[in-house]
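Here the protein sequences line up with chains V and A, keeping their order.
Be aware that the first sequence starts at 1, since it is given in this note's numbering, and climbs by one per residue.
Be aware that the second sequence starts at 611, since it is given in this note's numbering, and climbs by one per residue.
Yeah, the Cβ is synthetic: ideal placement off N, Cα and C, and Gly gets one too.
In what follows, a structure is listed as structure tokens, so that the remarks can point back to it.
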Amino acid sequence: MDKVTYPKKALDKMQEIVNDCMGDAPPYCEATCPMHTDVKGYVNLIADGKHKEAVNVIREKLFIPRVLGRICAHPCEEQCKREKEFRQPMSIAALKRFAADHYDDEKDWDLKIEPENGKTVAVIGAGPAGAQAALDLRRKGYKVTIYERLPVVGGMMRVGIPEYRLPRHIIDHEYSLLNKIGVEFKMGVEVGKDISFDEIKDKHDAVVIAVGAHKGVVIPIPGHDLDGVLDAVNFLREVSLTRKYDIGKKIAVIGGGNVAIDVARSARRVGAEEVHLVCLESKPEMPAHDWEIEEAEEEGVILHDGFGPEQIIGKDGKVAGFQIKKCTSVFDKDGKFNPQYDENIKETLEVDNVIFAVGQAVDNSFVPEGKLETVRGGRFKADPTTLQTKIEKVFIAGDASGRSVIAIEAMAEGRKAAISVDRYLKGQDMFADRQYEGTYETWLETELKEDVVDLPRIETSKVKPEERIKNFDEVDLGFTEEQAVKEASRCLACECKLCMKECEMLNDYCECPKELFESILKTGEIDPIIPYSCNMCSQCTLVCPKEFEMKDRFMDIRKQMIKANGGKSPIKGHKAIEMHQALGFSKLFNTAKPAKYGYNEADVKEKGRS
Amino acid sequence: MSKKTKRVFVPGCSLPSYNPEAVKKTLEYLQKKLPGTGAILKCCGKPTKALGQLDKFHERYDQFQAEVDKLGADEIIVACQSCFLTMTENSPNQKVISLWELLPKIGLPEESVGIGKNSDIVFAIHDSCPTRNRATIHEGIRWIINELGYKYEEPPHTRETTRCCGFGGMVVPANPDLALRVMKRRTSEMESDYVVAYCAACRESMVKGGKKAVHILDLIFGGPWNSKSEFPGVPGSPIKAWANRYKSKKNINKVLG
Ligand SMILES: Cc1cc2nc3c(=O)[nH]c(=O)nc-3n(C[C@H](O)[C@H](O)[C@H](O)COP(=O)(O)OP(=O)(O)OC[C@H]3O[C@@H](n4cnc5c(N)ncnc54)[C@H](O)[C@@H]3O)c2cc1C
Ligand code: SF4
Ligand code: SF4
């Protein structure tokens with residue numbers, strides 16, 4: 001057969017399939033996960049009882065599965081099909097925790113790295129962003145040194161997120177992978193104090209700044225400078241490192257996010273007996289998750305939702321009370337933060353401390369003034385695609401750039417920075433093919449199958465509130481195996497590939513039509529047996545949400561193959577059809593007869609049935 | 611009375627190769643009910659089209675059309691679903707009508723009505739996939755089975771969602787293993803061990819897929835069929851099929867001779 005070429009129209013039609021076929025579209029969860037963990041993959045392995053295999057799938061993307069199984073803010077669950085349809089999302093994070101807690105084995109960790117390439121990279125900060133960047137770069141053969149101010153690793157996961165949500169030995173255990181593959185740690189070294197930024201910059205081929213946002217913010221209301229006014233960052237760091245804080249019996253926390261909740265619940269554990277949580281938003285509008293608020297209330301935290309700060313009342317230079325006033329709206333009609341108050345409704349809480357949990361800023365003072373651009377909250381400015389700064393060899397990752405606010409996003413930013421550093425040091429294009437880094441919207445569109453029922457989400461069990469406030473032991477007990485399998489079985493395994501469920505032959509030759517036609521367009525070639533294995537039955541088209549006519553595409557190909565093969569089918573077996581056709585058109589087997597009139601009806605009757 | 615040929619019955623290729631008696635009986639019955647019916651036994655060329663041999667197809671179809679025009683028929687009655695589509699598309703001056711749409715209009719032979727009433731078997735219906743969008747054909751088939759008195763079953767994929775029998779697209783000679791898998795997949799979704807099809811190729815696929823299968827004309831002009839009946843198998847060799855076709859030709863010539 002000669003080389004087959006296709007007319008433009010045929011090619012365009014194939015291109016349509018390549019453009020719009022959803023066969024390779026990731027499920028909602030996976031596209032949403034900033035690290036693109038194969039959620040569907042591991043959840044369904046758990047459903048099948050293949051827990052060890054599930055861990056392997058998780059570890060392809062995440063090096064701290066037990067940490068994330070506990071504290072990941074799981075944006076995936078918000079986009080889960082079961083959330084969209086029934087408000088009962090899969091417990092994706094808790095399933096990850098189950099698999100990793102019980103089936104992750106240090107011995108199986110992937111310690112492979114590419115050959116040493118002789119280049120060195122400094123990473124400032126051992127939070128999730130810095131750690132991920134260090135890991136990815138080390139795997140590519142760079143010599144990586146992490147400079148960390150604290151004596152412990154984990155960043156805000158260690159000194160922000162409280163211990164009762166994330167036991168510290170888990171962080172240390174999972175971070176030990178970095179030591180195993182040869183990342184060097186310089187602990188207790190503060191850049192800007194113990195070593196200058198310039199020295200680090202000059203000593204290394206590239207620098208990743210991943211210092212997070214560790215500066216507490218205090219709103220300058222009257223009384224904010226009294227003794228006993230604290231900020232969340234410093235309070236939580238101290239509690240994290242010592243499990244203690246010299247705090248009064250009655251305290252107030254201001255803020256409606258998860259940091260405020262962590263502060264309030266931590267305060268209960270270091271001796272505060274009466275904890276007031278004051279926030280502008282009404283309860284349903286609070287940024288904190290519902291379950292967080294619920295757990296705080298269970299622990300006795302008193303919620304004053306819809307209130308803002310008026311003043312902190314002092315006595316002898318010390319906090320004695322906190323006056324709050326009714327907040328009527330938080331945002332104006334343009335959606336701008338612009339709280340309005342009812343000055344007639346005010347309350348005074350008798351407290352010894354007021355803790356501000358109203359945001360964190362970046363402490364950028366370690367970089368000499370003017371060397372790097374900064375924006376609101378002290379955040380470093382970086383190119384959004386490459387994370388590169390105006391100093392070419394310096395990159396920003398994680399909360400320090402303001403592009404992440406949760407751990408998994410920080411990790412994705414760390415990975416992005418690592419890709420950029422690698423390309424930069426290899427002199428490669430910094431911008432090519434980067435649209436699928438971090439969260440994106442999938443092009444998948446699925447309809448619920450008729451037999452799907454609304455099964456409720458299974459919750460993990462927790463330690464009783466009166467027990468748990470006594471110490472920093474972990475509150476969430478995770479899933480039992482039975483619960484995990486049952487929960488995992490709810491997954492809808494979202495994918496298109498409806499045609500693949502209908503067609504036998506497509507399954508023999510491809511993962512989905514997109515893959516097949518992409519390869520034809522790319523190589524110009526296809527094994528003739530493929531187009532000649534289509535039954536031309538249209539079953540694929542019948543179920544395809546895009547109504548692609550695969551049979552017509554295969555027919556287009558057949559036609560061109562016939563042309564390229566001197567008018568004959570390239571398939572051996574079709575010789576028989578040629579024979580058949582020759583006979584089928586020979587006089588011997590054909591006849592054409594006009595109607596016959598005067599036909600004897602009785603004749604028919606007489607012969608009757610055979 | 612004018613001696614014009616108003617319409618032609620075109621049995622197609624697979625039916626004449628399967629059951630020459632059915633061809634004969636059908637033609638006789640049409641003659642009786644619709645005087646002015648002639649017949650053409652000739653391939654419409656669809657197999658060449660299916661292979662992608664467009665030039666050859668047009669050449670062949672022209673030959674077929676020439677026969678129709680020579681007889682001067684305005685209507686083509688087809689018993690094959692591929693013929694139905696091919697001729698509808700390529701013979702704009704003739705009205706193409708499926709035998710399965712026609713029979714409900716002219717009725718069944720008296721002696722067939724109710725013949726299956728006492729049968730102890732249920733037939734799963736296999737609809738042909740080329741005419742999945744021609745609801746009147748599906749209706750006609752069910753009307754016929756009801757008239758005959760047989761019980762039937764609709765498989766999960768039926769009428770417009772029917773599944774391919776495995777024969778389509780000339781896959782059998784190209785990729786026989788695959789074709790067999792498709793056949794088995796189709797039959798595996800049917801509960802009954804008995805299938806009625808209205809295409810001889812489909813019927814053969816159902817047998818290869820492990821069922822006992824008849825063509826709907828076997829039900830009209832044969833039977834009654836029950837669990838004790840001997841069901842037609844698959845032709846042992848192509849020679850048998852050609853012999854049948856030759857017989858069909860003779861039969862047509864006899865009926866209209
Ligand atoms: C109270 C609280 C609760 C949170 N809860 C959750 C949660 O439940 N789920 C979730 O996903 N996210 C949560 N987050 C957010 C999450 O912890 C952060 O988004 C994430 O840790 C940011 O990672 P990072 O690597 O960018 O920075 P960080 O984790 O902040 O790490 C930065 C590191 O840099 C070090 N560093 C700073 N300056 C220097 C310097 N000059 N020299 C050397 N080292 C330096 C710091 O000590 C720190 O270890 C929470 C945050 C807080 C504050
Ligand atoms: S049904 Fe098949 S061809 Fe259609 S979009 Fe889905 S995977 Fe692609
Ligand atoms: S149902 Fe399963 S596959 Fe679909 S979005 Fe949810 S977790 Fe992902």
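Given the structure, does residue i come close to ligand 3, in the sense that its CB is under 8 Å from one of the ligand's heavy atoms?
i, result
"tyrosine 671 of chain A", "no"
"methionine 90 of chain V", "yes"
"cysteine 80 of chain V", "yes"
"lysine 40 of chain V", "yes"
Answer yes or no: the CB of residue i versus the heavy atoms of ligand 1, is any distance below 8 Å?
i, result
"tyrosine 6 of chain V", "no"
"asparagine 234 of chain V", "no"
"arginine 149 of chain V", "yes"
"methionine 156 of chain V", "yes"
"proline 34 of chain V", "no"
Could you tell me whether the Cβ of residue i comes closer than 9 Å to any Cβ of chain V?
i, result
"lysine 838 of chain A", "no"
"isoleucine 872 of chain A", "Residue numbering for chain A in the displayed model covers 611 to 867; residue 872 of chain A lies beyond these limits and cannot be assessed."
"glycine 724 of chain A", "no"
"glutamine 641 of chain A", "yes"
"threonine 658 of chain A", "yes"
"aspartate 665 of chain A", "yes"
"glycine 819 of chain A", "no"
"phenylalanine 777 of chain A", "yes"
Taking only the alpha-carbon atoms, compute the straight-line gap between residue i and residue j and give it to the nearest angstrom.
i, j, result
"phenylalanine 831 of chain A", "methionine 90 of chain V", "60 Å"
"glycine 819 of chain A", "arginine 795 of chain A", "8 Å"
"glutamine 691 of chain A", "glutamate 763 of chain A", "21 Å"
"lysine 84 of chain V", "cysteine 496 of chain V", "17 Å"
"arginine 243 of chain V", "leucine 226 of chain V", "24 Å"
"arginine 744 of chain A", "glycine 524 of chain V", "37 Å"
"glycine 779 of chain A", "tyrosine 436 of chain V", "40 Å"
"proline 765 of chain A", "phenylalanine 733 of chain A", "10 Å"
"glutamate 295 of chain V", "arginine 268 of chain V", "12 Å"
"aspartate 332 of chain V", "histidine 51 of chain V", "49 Å"
"asparagine 179 of chain V", "valine 153 of chain V", "12 Å"
"alanine 660 of chain A", "methionine 555 of chain V", "8 Å"
"methionine 500 of chain V", "lysine 546 of chain V", "14 Å"
"glycine 759 of chain A", "leucine 718 of chain A", "12 Å"
"lysine 705 of chain A", "glutamate 699 of chain A", "11 Å"
"leucine 709 of chain A", "serine 802 of chain A", "26 Å"
Is residue i close to chain A? Criterion is C-beta to C-beta, closer than 9 Å.
i, result
"alanine 595 of chain V", "yes"
"histidine 169 of chain V", "no"
"alanine 576 of chain V", "yes"
"isoleucine 529 of chain V", "yes"
"isoleucine 557 of chain V", "yes"
"methionine 505 of chain V", "yes"
"glycine 524 of chain V", "no"
"cysteine 537 of chain V", "yes"
"tyrosine 6 of chain V", "no"
"phenylalanine 548 of chain V", "no"
Tell me which residues share the same chain as residue i and place their Cβ nearer than 7 Å to its Cβ, disregarding the 5 neighbours each side in the sequence.
i, result
"valine 792 of chain A", "Cys774 and Gly776"
"glutamine 79 of chain V", "Tyr28, Cys29 and Thr32"
"leucine 166 of chain V", "Val67, Arg70, Ile71 and Met157"
"lysine 326 of chain V", "Gly306, Phe307, Tyr341, Asp342 and Ile345"
"serine 837 of chain A", "Asp730 and Ile731"
"alanine 602 of chain V", "Here alanine 602 of chain V scores only 44 on pLDDT, less than 50, and its place in the model should not be relied on; the value that follows carries that caveat. No residues qualify anywhere along the chain."
"arginine 82 of chain V", "Gln88, Pro89, Met90, Arg490 and Leu492"
Here's a check: name, in chain order, each residue in its chain whose Cβ is nearer than 8 Å to the Cβ of residue i, leaving out the five neighbours to either side.
i, result
"asparagine 234 of chain V", "Gly216"
Just checking my contact of residue i with residue j at CB under 8 Å: how many whole Å lie between their CB atoms?
i, j, result
"glycine 255 of chain V", "valine 351 of chain V", "That belief does not hold up - the Cβ atoms of glycine 255 of chain V and valine 351 of chain V are roughly 15 Å apart, past 8 Å."
"lysine 822 of chain A", "phenylalanine 589 of chain V", "Lysine 822 of chain A to phenylalanine 589 of chain V, Cβ: 29 Å. No contact."
What I want to know is whether the C-beta of residue i ends up closer than 8 Å to one or more non-hydrogen atoms of ligand 2.
i, result
"leucine 455 of chain V", "no"
"proline 570 of chain V", "no"
In chain order, what residues of the same chain lie with their CB nearer than 6 Å to the CB of residue i, ignoring the 5 residues before and after it?
i, result
"glutamate 502 of chain V", "Gln539, Cys540 and Val543"
"glutamine 360 of chain V", "Ala213 and Val233"
So which residues of chain D does residue i contact, with C-beta pairs closer than 8 Å?
i, result
"alanine 10 of chain V", "Looking for chain D here will not work: the only protein chains present are V and A."
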